[in-house]
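Novice: If you use the numbering used here, the sequence shown corresponds to residues 925 to 1461, in order. C-beta atoms are modelled at their ideal positions from N, C-alpha and C, and glycine is treated no differently. No experiment lies behind these values; they were computed from the predicted model shown.
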Amino acid sequence: MMLYSAELFQMLAQTCSPLAQPSVHQPLILRANSAKMAVDKMLRQTNNAVINVLLKLASGSGGLFTFDSVCASFCADGNLTYFSSKLAMINGQSERPPEGMDMDDGRQRALAFNLSFILLTRMRFIYNDLRPSELVNGSGRGMDNTQSCFFKFASQYGWTAADSTTPMNPLSDEEKAPFIERVNLLKHAQPFWDPRTVDYAELVDSVPYIGEILLDDFKIKKHETYDHLNENIKNVLHAFRDDANFMIVCLVQWICAQRVCDERQSLVKSFIHALEFPHQLNPTQQERMALTSAACRRTLDDLSICDRLRDPRFTWIINCAKRKLPTVPFTLPATNAQSSDAEMLKQAFTYARQQAWGSPNVLQLVDRCNKAGVVENWCMVWLSSMLKLSTNDEMVAAGELCLAAGVMSPVPCMLSFARSITEYILERNVDFGCVEPKALVSARFLVHCLQLALHAYWRQQKEKLAKPLKSEEIERRRIKTEEDDEEMDEGNPVERSIQVIFEKFLRETRAGHLKVLSMLKNYVEHSKVFLTLWLLE
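1) Hey, how far is the Cα of A1218 from the Cα of I1042?
2) Check I1349 in the structure and name its three-state DSSP category.
3) In terms of residues, what are the limits of the alpha helix (DSSP H) holding C1185?
4) Mapping DSSP to helix, strand and coil, what is Y1051?
5) Inspect the beta-carbon positions of R1338 and L1325 and report whether they are closer than 9 Å.
6) What number of angstroms, rounded off, separates the C-alpha of R1055 from the C-alpha of M1213?
7) Can you say whether L1460 is buried or exposed, counting buried as having 16 or more other CB atoms within 10 angstroms of its CB?
8) What are the start and end residues of the alpha helix (DSSP H) that includes Y1275?
9) Can you look up T1121 in the DSSP assignment and give me helix, strand or coil?
10) In the region 1272 to 1344, which residue ranges form an unbroken alpha helix (DSSP H) of at least 4 residues, counting only runs that do not cross its ends?
11) Is it a yes or a no for the region 1285 to 1297 touching the region 1328 to 1347, going by three-plus beta-carbon pairs under 8 Å?
12) Can you give the Cα-Cα distance for L978 and Q1080, rounded to whole angstroms?
13) Tell me where the alpha helix (DSSP H) around A1505 begins and ends.
14) Since I1157 is in the alpha helix (DSSP H), which residue starts that stretch and which ends it?
15) For K1465 and V1176, which I take to be in contact (beta-carbon distance under 8 Å), what is that distance rounded to the nearest angstrom?
16) Following the continuous alpha helix (DSSP H) through T1005, name the residue where it begins and the one where it ends.
17) For a quick check, are the C-beta atoms of V1107 and L1138 less than 9 Å apart?
18) First and last residue of the alpha helix (DSSP H) that includes T1070?
19) Under 9 Å, do S1018 and Y1124 count as touching if we go by C-beta distance?
20) Can you give me the Cβ contacts of E1187 inside the same chain, cut-off strictly under 8 Å, excluding the 5 residues immediately before and after it?
21) Between the Cα of T990 and those of L981, S997 and S1309, spot the shortest distance and give me the residue it belongs to.
22) Which word fits V1286, buried or exposed, when buried means at least 16 other C-beta atoms lie within 10 angstroms of its C-beta?
23) Do F1201 and K1158 come within 9 Å of each other at the CB atom, strictly closer than that value?
24) Count the other C-beta atoms from every protein chain shown that fall within 10 angstroms of the C-beta of D1317, then say buried if there are 16 or more, exposed otherwise.
25) So R1165 packs on L1205, CB below 8 Å; how close in whole Å?
26) Nearest-angstrom Cα distance between K1362 and I1349?
27) Please report the straight-line C-alpha distance between R1222 and L1370, rounded to a whole angstrom.
28) Leaving aside the five residues before and after P1021 along the sequence, list all residues of the same chain whose C-beta is less than 6 Å from its C-beta, in chain order.
29) Around the C-beta of A1380, are 16 or more other C-beta atoms found within 10 angstroms, so that it is buried, or is it exposed?
30) Quick check on the DSSP output: the alpha helix (DSSP H) that includes G1062 runs from which residue to which?
31) Tell me the DSSP secondary structure of F1075 in three-state form.
32) Let's see if you can read the secondary structure: which residues bound the alpha helix (DSSP H) around E1136?
33) Quick one: what's got a C-beta closer than 6 Å to K1246's C-beta in the same chain, skipping five residues either side?
34) Using a Cβ-Cβ cutoff of less than 6 Å, which residues in the same chain neighbour M1171 once the five nearest sequence positions on both sides are dropped?
35) In the structure shown, what three-state DSSP assignment does Q1204 receive?
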């Protein structure tokens, strides 16, 4: 390795080794950035140098910790997809054997494909908001790795059966018949391919057939024979020990896309047991298997508990520190059954406010309320929690969080917020006027709600008008009833809500209530721009 770059060897060793004690303490972020710069330099060199880079990233005392920190440094610069596209290019070039290849070239090709595939899968697991096309092509227009087997496999198999694009009908016996003998070889820990001439794209294409046959064993056999089946799975994984570990992560991804059933859960448990207690391996094979296990173990743990609300992938600094973000209580099955809807929504708001962002599982809970037609449930709980805060900065940040979550269904959510905060202001038992921050924040929040609701409504109307109508839609509009026409003549719901709110404030102002006057003073100051936009609409 030092023949190719002494600088790279030193930087990666400092990043991954806990025993490294530099004379001057250098923060982990800076060490990861130095290693990233060395990796970037080496990725422009020959294939042998690149393979040595992959070996160093995926092995040693750091393992994936080194790789994750380098990825995080690329991500901090906005160049993560540049790095992933380089790995995808290496992976694509190693798929098929070139003509006139000798034994050493075959080993190098197997090593390059195996490591690049596993590292790309690791990136996909961590940065799961990246589309497969972004992962393999990066931001440059001149690169196209969409013909690679990694891209095709990643595009077909998602995190759940609902996310996958492959047909969910099981394969027929005729389709599985050619692969039964191959799977039998795997069950005896023997590979069925020649590593010197194998087409790795064809090997990846065989994953669904291998997975179906293994799953069929758990459907046919009784629970008493599961020990024998567990031994078969251990042998299958052992057959991939020499530079074919990518097949293990492919099988795990295939399992993710299967419907939840007892047989699938038993297969998941067998995979976990086989990775924890593998057969005897030499040091090199142990490193590869440790890399594979680390790349897909968390996904297997999620599958073992049927976790449909996946925790957000960690930010890179927390990942480098090997710390976990706090678990959201309402995502746990036990507490989910014991907590009321209001309590779950309150916990979700508190969690999101403390983390200063709405994580996917929090937004999923909000989305469920929206789809169930009970927008008021989460809007009232979140707004009540916001109004209980005591400082101006806290209320402003909480209000922005409410507005951001409300954009998922803008018109009903913003109108619900506007109605709720209006009712809160007009309550007789709330000493509202003497609390200046609350009046200021509430006025600003109400203006933003009405502005977003009106903007979203008109945008929806423009999209409907711009969308070409089908013949059925034209016929449906032609025979629309008079009742529907009368409802359309009444105006849009946002304007009606604004009118109702203005009338309520007008009545309270005429009555001389000080708290309303205090709020209206701030409301008028913040609503000048909004009123101008409203009149322009």
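Specialist: On the basis of the data shown:
1) Looking up residue 1218 in the sequence shown gives position 294. Looking up residue 1042 in the sequence shown gives position 118. Their backbone Cα atoms lie some 10 Å apart in a straight line.
2) Counting from 1 along the sequence shown, the entry for residue 1349 is found at position 425. Correct three-state label for I1349: helix.
3) On the sequence shown, position 261 is the one that residue 1185 refers to. Counting along the chain, C1185 falls outside any alpha helix (DSSP H), and DSSP gives it neither H nor E.
4) If you number the sequence shown from 1, residue 1051 lands on position 127. Three-state result, Y1051: coil.
5) Here residue 1338 is taken as the residue at index 414 of the sequence shown, counted from 1. Here residue 1325 is taken as the residue at index 401 of the sequence shown, counted from 1. It is worth fixing the name first, because residue 1338 is Met in this sequence and not Arg. Result no, Cβ atoms of M1338 and L1325 do not sit closer than 9 Å.
6) Taking the first residue of the sequence shown as position 1, residue 1055 is located at position 131. Taking the first residue of the sequence shown as position 1, residue 1213 is located at position 289. Distance between the alpha carbons of R1055 and M1213 is about 27 Å.
7) Counting from one through the sequence shown, the residue named residue 1460 turns up at place 536. Residue placement at L1460 is flagged as unreliable, the pLDDT there being 48, under the threshold of 50; the coordinate-derived value follows with that caveat. It is exposed - the Cβ of L1460 has fewer than 16 other Cβ atoms within 10 Å.
8) The residue you call residue 1275 lines up with position 351 of the sequence shown. Unbroken alpha helix (DSSP H) run through Y1275: D1265 to Q1279.
9) Taking the sequence shown and counting its residues from 1, one reaches residue 1121 at position 197. Three-state result, T1121: coil.
10) 1284 to 1295, 1299 to 1311 and 1316 to 1330
11) yes
12) Residue numbering aside, residue 978 sits at position 54 when the sequence shown is read from its first letter. Residue numbering aside, residue 1080 sits at position 156 when the sequence shown is read from its first letter. Spanning the two alpha carbons is a distance of roughly 26 Å.
13) Examination of residue 1505 is not possible in this model, given that the chain is present from 925 through 1461 alone.
14) Within the sequence shown, the letter at position 233 stands for residue 1157. Here the alpha helix (DSSP H) through I1157 covers Y1150 to A1163.
15) Past the edges of the chain, shown from 925 to 1461, lies residue 1465, and the structure says nothing about it.
16) Residue 1005 sits at position 81 when you count from the first residue of the sequence shown. Looking at the DSSP string, the run of the alpha helix (DSSP H) that includes T1005 is L1004 to Q1017.
17) Mapped onto the sequence shown, residue 1107 falls at position 183. Mapped onto the sequence shown, residue 1138 falls at position 214. Yes, Cβ-Cβ distance for V1107 and L1138 is below 9 Å.
18) To locate residue 1070, count along the sequence shown from 1; it is residue 146. Segment: none, T1070 is in no alpha helix (DSSP H) and carries neither H nor E.
19) Against the sequence shown, residue 1018 aligns to sequence position 94. Against the sequence shown, residue 1124 aligns to sequence position 200. Yes.
20) Translated into positions along the sequence shown, residue 1187 becomes position 263. Around E1187: L1139, F1142 and K1143.
21) To locate residue 990, count along the sequence shown from 1; it is residue 66. Looking at the Cα atoms, L981 is the closest of the given residues.
22) Indexing the sequence shown from 1 puts residue 1286 at position 362. The residue is buried, with at least 16 neighbouring Cβ atoms inside 10 Å.
23) As a working mapping, residue 1158 is identified with position 234 in the sequence shown. As a working mapping, residue 1201 is identified with position 277 in the sequence shown. Against a cut-off of 9 Å, the Cβ pair of F1201 and K1158 comes out as a contact.
24) Locating residue 1317 in the sequence shown gives position 393, where the first residue counts as 1. D1317 should be labelled exposed.
25) One-based indexing of the sequence shown puts residue 1165 at position 241. One-based indexing of the sequence shown puts residue 1205 at position 281. The Cβ separation is near 6 Å, so the contact holds.
26) By one-based count along the sequence shown, residue 1362 stands at place 438. By one-based count along the sequence shown, residue 1349 stands at place 425. The straight-line gap from Cα to Cα measures roughly 10 Å.
27) In the sequence shown, counting from the first residue as 1, residue 1222 sits at position 298. In the sequence shown, counting from the first residue as 1, residue 1370 sits at position 446. Answer to the nearest angstrom: the Cα atoms are 43 Å apart.
28) Translated into the one-based positions of the sequence shown, residue 1021 becomes position 97. Closer than 6 Å at Cβ, skipping near neighbours: T1121.
29) Here residue 1380 is taken as the residue at index 456 of the sequence shown, counted from 1. Buried, because 16 or more other Cβ atoms sit within 10 Å of the Cβ of A1380.
30) As a first step, residue 1062 is located in the sequence shown; it is residue number 138 there, counting from the start. Careful: G1062 lies outside any alpha helix (DSSP H) and carries neither H nor E.
31) Here the question's residue 1075 lines up with position 151 in the sequence shown. In the three-state reduction of the DSSP assignment, F1075 falls in the helix class, which pools H, G and I.
32) The residue you call residue 1136 lines up with position 212 of the sequence shown. Segment V1131 to I1144, the alpha helix (DSSP H) holding E1136.
33) Taking the first residue of the sequence shown as 1, we reach residue 1246 at position 322. Its pLDDT being 41, under 50, K1246 is placed unreliably in this model, and the value from its coordinates should be taken loosely. If we look at K1246 and ignore the five residues flanking it on each side, it has no Cβ neighbours.
34) In the sequence shown, counting from the first residue as 1, residue 1171 sits at position 247. The residues are F1164.
35) Within the sequence shown, the letter at position 280 stands for residue 1204. Coil.
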